[in-house]
Amino acid sequence: MNELKDIDIREALKRREARRAKPEVPADFCNNVMQEIAPKKRHPMIWRWMAAASILLIIGIGTMVWQKETGEGSEANTYVAQNVETLPKLESPQPPSTETAPTEKVSTEKASTAQPSSAQDNSPSPANTEQPKTDERPASPAEAQSSPAENHIHYAAVKTTDEVPYQDPARVDEFIAKLADYNDVNPVSLDCTPGSDDNTIVSKAYAFDDTKELDLFGRLLQVACCYDSKTPGYLLNFSNEQLFFTLKDQRKGQKYLWIAERISGDRILLTCTRSPIDVVPSSACYQAYRNKLKQPVINNTEPKDI
Amino acid sequence: MSEIIIDDQTDSEQQRIGRILGGKHEEYAWFVNTYSQRVLHFASQMMPDAEDAREVSQDAFVKAFRSLASFNFQSSFCTWVCRIAYRESINRLRRKQPHYVDIADIPAVVDDELSTGKEERIALMEEAIDDLPPDERMLLQLYYYEDRPLREIAYIMDVESNTLATRLHRIRKKLLQLIKQKENE
Chain A
49 MNELKDIDIR EALKRREARR AKPEVPADFC NNVMQEIAPK KRHPMIWRWM
99 AAASILLIIG IGTMVWQKET GEGSEANTYV AQNVETLPKL ESPQPPSTET
149 APTEKVSTEK ASTAQPSSAQ DNSPSPANTE QPKTDERPAS PAEAQSSPAE
199 NHIHYAAVKT TDEVPYQDPA RVDEFIAKLA DYNDVNPVSL DCTPGSDDNT
249 IVSKAYAFDD TKELDLFGRL LQVACCYDSK TPGYLLNFSN EQLFFTLKDQ
299 RKGQKYLWIA ERISGDRILL TCTRSPIDVV PSSACYQAYR NKLKQPVINN
349 TEPKDI
Chain B
48 MSEIIIDDQT DSEQQRIGRI LGGKHEEYAW FVNTYSQRVL HFASQMMPDA
98 EDAREVSQDA FVKAFRSLAS FNFQSSFCTW VCRIAYRESI NRLRRKQPHY
148 VDIADIPAVV DDELSTGKEE RIALMEEAID DLPPDERMLL QLYYYEDRPL
198 REIAYIMDVE SNTLATRLHR IRKKLLQLIK QKENE
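First to last, the sequence lines map onto chains A and B. In our numbering, each number is its position in the first sequence, counted from 1, plus 48. In our numbering, each number is its position in the second sequence, counted from 1, plus 47.
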């Protein structure tokens, strides 16, 4: 690097610097800087608290609304589904009829009570809590003749207190069959219509050992309690010696009858009868089979057909 | 990097900075008032536009204040702020002028000596300096005009001293080439 060169460069830079307009520091320069660095008032904390309070308020309101919805929801929502389906029908002059609509509403509370309290077996619960509901009330004339505008009324305004969730009574039979199978009790088919071709009546009898472990009466009571007391044909009567339970399935036009009775030899005779609603089954077949069981020679595990 | 410059006011600067860090933010006004002219002049060499230079200087002071706790007194406060202003200028120039002509793209020229004493050549050199990119012009300015030590320039520009020396050599060659081009025009 040559000294002379440096002198030339310095000279050039000096001249350049001399002709260049030097910027003046603005009067507010210092103020601007000091304003920039000044600690700003901290409102964010207040905003954070307000935001948190707002969120909590929204959650609280949402929870209240949700609880209110779920409290009435199981029935109200079902009615919405039904209403949606029935609305077009109501506009036509057809006679009122029983309407059914599937719904996914589950009665969890009832499902929990359907579980057997004893853990000694793994027999399933008979209560079918995921069944669709049935509105068994025929549409009232006033409702059927109401104007379309009235039919589109909001579901929240409709009271559905008479509506009963559909529960299949046949699940009781299934429960009893599995319970019998688990306890090695064979069913005996009873012919309650001797001399006739009527095979609409199906009747079975089981002779269970009357043991504390099995607790058949208690289990049957639990099963009966799984059903809504407003279920058509619901009738439950029991004592220490006998349990009587009936249900009707208006969808299938069937009625069900279960009779459990303590008989001699520490056994419980359980008869299950299914028949059309309009048919009255005879009780003679039960009595005949019961009398046979009362005889000491009868083996309850392999009962003979009557 | 070792200590570069110890100004007369270093002791008082250190004390003032200590007080600022202790919470007396108003003490920072002294630094701004004392060094704003120098920093603004420095920035104006990088940023031809006066408003840009002012913004760069202001941002440099603000950033310096926010990083005051990390200032380790390796240099004077003014040099430190100039370093910040230089980075800020480079960042702004990059945003404004994304394309730079790389020095390596300039064809090498023979290391002819620059003649001295010729007014014409000095005038041409002035023009050639104006044609240089801002960072190269700044390097010439700091080294030849302000006579800052290479280590201090390296600190401001955040490059190694050896790299700066090489860069200076290339800038001189480039300058010579530009002058020759102007002479031929």
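Glycine is no exception: its CB is placed at the ideal position from the N, C-alpha and C atoms. Bear in mind that the values here come from a model prediction, so they are computed numbers and not experimental data.
* Positions along the stretch 78-111 of chain A whose CB lies within less than 8 Å of some CB in chain B -> Only Cys78, Asn80, Val81, Met82, Glu84, Ile85, Ala86 and Pro87 from the stretch 78-111 of chain A bring a Cβ to less than 8 Å from some Cβ of chain B.
* Count the other C-beta atoms from every protein chain shown that fall within 10 angstroms of the C-beta of Val328(A), then say buried if there are 16 or more, exposed otherwise. => Residue numbering aside, residue 328(A) sits at position 280 when the first sequence is read from its first letter. By the neighbour-count rule (16 or more Cβ atoms within 10 Å), Val328(A) is not buried but exposed.
* Nearest-angstrom Cβ-Cβ length linking Val233(A) and Trp306(A), presumed shorter than 8 Å -> For this step, residue 233(A) is matched to residue 185 along the first sequence. For this step, residue 306(A) is matched to residue 258 along the first sequence. Rounded, the Cβ-Cβ distance is 15 Å, inconsistent with contact.
* **Any C-beta of chain A under 9 Å from that of Phe118(B)** => For the purposes of this step, residue 118(B) is taken as the residue at position 71 of the second sequence. Residue-level contact check: Phe118(B) does not touch chain A, since none of the beta carbons of chain A fall below 9 Å from its beta carbon.
* Verify the CB distance criterion: does Met172(B) have a CB-CB separation below 9 Å to chain C? => Here chain C cannot be found, since the structure's protein chains are A and B.
* Straight-line Cα distance separating Ala100(B) from Pro74(A) -> Counted from its first residue, the first sequence places residue 74(A) at position 26. Counted from its first residue, the second sequence places residue 100(B) at position 53. Here the C-alpha atom of Pro74(A) lies approximately 11 Å from the C-alpha atom of Ala100(B).
* Asked: Over what stretch of residues does the alpha helix (DSSP H) that includes Leu179(B) continue unbroken?
  -> Reading the second sequence from its first residue, position 132 is the one you call residue 179(B). Taken as a continuous stretch (DSSP letters only), Leu179(B) belongs to no alpha helix (DSSP H), as it is neither H nor E.
* DSSP puts Thr248(A) in a beta bridge; with which residues? -> On the first sequence, position 200 is the one that residue 248(A) refers to. According to DSSP, residue pairing for Thr248(A) in a beta bridge does not occur.
* Asked: If you run the structure through DSSP and keep just helix, strand and coil, what is Arg195(B)?
  -> Against the second sequence, residue 195(B) aligns to sequence position 148. If DSSP states are grouped into helix, strand and coil, Arg195(B) belongs with coil.
* To do: Please compile the residues from chain A whose C-beta is within a distance smaller than 7 Å of the C-beta of Leu87(B).
  => Position 40 of the second sequence, counted from the first residue, corresponds to residue 87(B). Chain A residues near Leu87(B): Pro71 and Val73.
* Asked: Once you ignore the five residues that flank Lys62(A) on each side, which residues in its own chain have a CB closer than 8 Å to its CB?
  -> By one-based count along the first sequence, residue 62(A) stands at place 14. Excluding five sequence positions before and after Lys62(A), none of the CB atoms of its chain fall closer than 8 Å to its own CB.
* To do: Look at Met92(B) and Gln188(B) and say whether their C-beta atoms are less than 9 Å apart.
  => Taking the first residue of the second sequence as 1, we reach residue 92(B) at position 45. Taking the first residue of the second sequence as 1, we reach residue 188(B) at position 141. In the sequence on display, residue 92(B) carries Gln and not Met. One thing to note: Gln92(B) has its Cβ within 9 Å of the Cβ of Gln188(B).
* **Cβ shell of Phe404(A) (< 6 Å), same chain only, five flanking positions each side left out** => Residue coverage of chain A in this structure runs from 49 to 354, which leaves residue 404(A) outside it and unanswerable.
* To do: Pick out whichever of Arg310(A), Cys333(A) and Pro213(A) has its Cα sitting closest to the Cα of Cys274(A).
  => As a first step, residue 274(A) must be located in the first sequence, where it is residue number 226. Cys274(A) has its Cα closest to that of Pro213(A), out of Arg310(A), Cys333(A) and Pro213(A).
* **Simplified DSSP assignment, three categories, for Asn176(A)** => Numbered from 1 along the first sequence, position 128 holds the residue referred to as residue 176(A). Caution applies to Asn176(A), whose pLDDT of 47 falls short of 50 and renders its modelled position unreliable; the value that the coordinates give is listed next. Coil, per DSSP.
* Asked: Taking C-alpha atoms, which residue in Ala90(B), Thr81(B), Trp77(B) and Ala76(B) lies nearest to Met204(B)?
  -> Position 157 of the second sequence, counting from 1, holds the residue named residue 204(B). Ranking the options by Cα distance to Met204(B), first place goes to Ala90(B).
* **Chain-order list of residues whose beta-carbon lies under 8 Å from that of Asp276(A) (same chain, five-residue window excluded)** => Here residue 276(A) refers to the residue found at position 228 of the first sequence. Closer than 8 Å at the Cβ level, and outside the excluded window around Asp276(A), lie Lys158, Val212, Pro213, Gln215 and Tyr282.
* Return the CA-CA distance between Thr126(B) and Arg67(A), expressed in angstroms with no decimal places. => Numbered from its first residue, the second sequence carries residue 126(B) at position 79. Numbered from its first residue, the first sequence carries residue 67(A) at position 19. Cα to Cα, the separation comes out at about 25 Å.
* Going along chain A, which residues have a C-beta under 8 Å from Leu187(B)? -> Position 140 of the second sequence holds residue 187(B). Around Leu187(B), the beta-carbon contacts reaching into chain A at under 8 Å are Ile57 and Leu61.
* Asked: How about Asp257(A) and Asn231(A): do their beta carbons lie closer than 9 Å?
  -> Here the question's residue 257(A) lines up with position 209 in the first sequence. Here the question's residue 231(A) lines up with position 183 in the first sequence. Their beta carbons are under 9 Å apart, which means Asp257(A) touches Asn231(A) by this criterion.
* What's the call for Leu105(A), buried or exposed, on a 16-neighbour Cβ count within 10 Å? -> Taking the first residue of the first sequence as position 1, residue 105(A) is located at position 57. Counting other Cβ atoms within 10 Å of its Cβ, Leu105(A) stays below 16 and is therefore classed as exposed.
* Which of the residues in the stretch 73-101 of chain B, read from start to end, lie with their CB under 7 Å from any CB of chain A? -> Those would be Tyr75, Ala76, Val79, Asn80, Ser83, Gln84, Leu87, His88, Ser91, Ala97, Ala100 and Arg101, in chain order.
* Asked: For the putative contact between Met94(B) and Val86(B), defined by C-beta atoms under 8 Å, what is the C-beta separation to the nearest angstrom?
  -> Counted from its first residue, the second sequence places residue 94(B) at position 47. Counted from its first residue, the second sequence places residue 86(B) at position 39. The C-beta distance from Met94(B) to Val86(B) rounds to 12 Å, too long to meet the 8 Å contact threshold.
* Asked: Within 9 Å (strictly less), CB to CB, does Arg113(B) reach chain A?
  -> Numbered from 1 along the second sequence, position 66 holds the residue referred to as residue 113(B). It does; some Cβ of chain A falls within 9 Å.
* To do: Return helix, strand or coil for Ser194(A), following the three-state DSSP convention.
  => Your numbering for residue 194(A) matches position 146 in the first sequence. Note that Ser194(A) has pLDDT 46, beneath the 50 cutoff, so the model's placement of it is unreliable and the number below is only indicative. In this structure, Ser194(A) counts as coil in the three-state DSSP scheme.
* State the Cα-Cα distance for the pair Leu222(B) and Glu174(B), rounded to the nearest angstrom. => Within the second sequence, numbered from 1, the residue matching residue 222(B) stands at position 175. Within the second sequence, numbered from 1, the residue matching residue 174(B) stands at position 127. Rounded to the nearest angstrom, the two C-alpha atoms are 10 Å apart.
* is_contact[Glu65(A), chain B] using C-beta, thresh 9 Å -> In the first sequence, residue 65(A) corresponds to position 17, counting from 1. For Glu65(A), the answer is yes, since a Cβ of chain B falls inside 9 Å of its Cβ.
* Meets three-Cβ-pair contact criterion under 8 Å: the stretch 131-139 of chain B and the stretch 206-223 of chain B -> With the cut-off at 8 Å, the stretch 131-139 of chain B and the stretch 206-223 of chain B do not touch.
* In the stretch 275-311 of chain A, which residue ranges form an unbroken beta strand (DSSP E) of at least 3 residues, counting only runs that do not cross its ends? -> Entirely contained in the stretch 275-311 of chain A, the beta strand (DSSP E) runs reaching 3 residues are, in chain order, 283-286, 290-297 and 302-311.
* Close beta carbons around Arg195(B), own chain, < 6 Å, minus the five adjacent residues each side -> Looking up residue 195(B) in the second sequence gives position 148. Only Leu189 meet the Cβ criterion.
* Secondary structure of Ala60(A), DSSP reduced to three states -> Taking the first residue of the first sequence as 1, we reach residue 60(A) at position 12. The DSSP-derived three-state label of Ala60(A) is helix.
* What is the rounded straight-line gap between the Cα of Arg310(A) and the Cα of Leu317(A)? -> Within the first sequence, the letter at position 262 stands for residue 310(A). Within the first sequence, the letter at position 269 stands for residue 317(A). Each residue's alpha carbon lies about 6 Å from the other.
* To do: Could you say which of Arg214(B), Gln105(B), Ile131(B) and Glu60(B) lies nearest to Leu179(B) if we only look at CA atoms?
  => Here the question's residue 179(B) lines up with position 132 in the second sequence. When only C-alpha atoms are compared, the closest one is Arg214(B).
* Buried or exposed: where does Gly65(B) fall if 16 or more other Cβ atoms within 10 Å of its Cβ makes it buried? -> Numbered from 1 along the second sequence, position 18 holds the residue referred to as residue 65(B). Burial call: exposed.
* Among Ala225(A), Val250(A) and Thr294(A), nearest to Pro217(A) - alpha-carbon criterion -> Sequence index remark: in the first sequence, residue 217(A) carries index 169 (1-based). For the residues Ala225(A), Val250(A) and Thr294(A), the minimum Cα distance to Pro217(A) belongs to Thr294(A).
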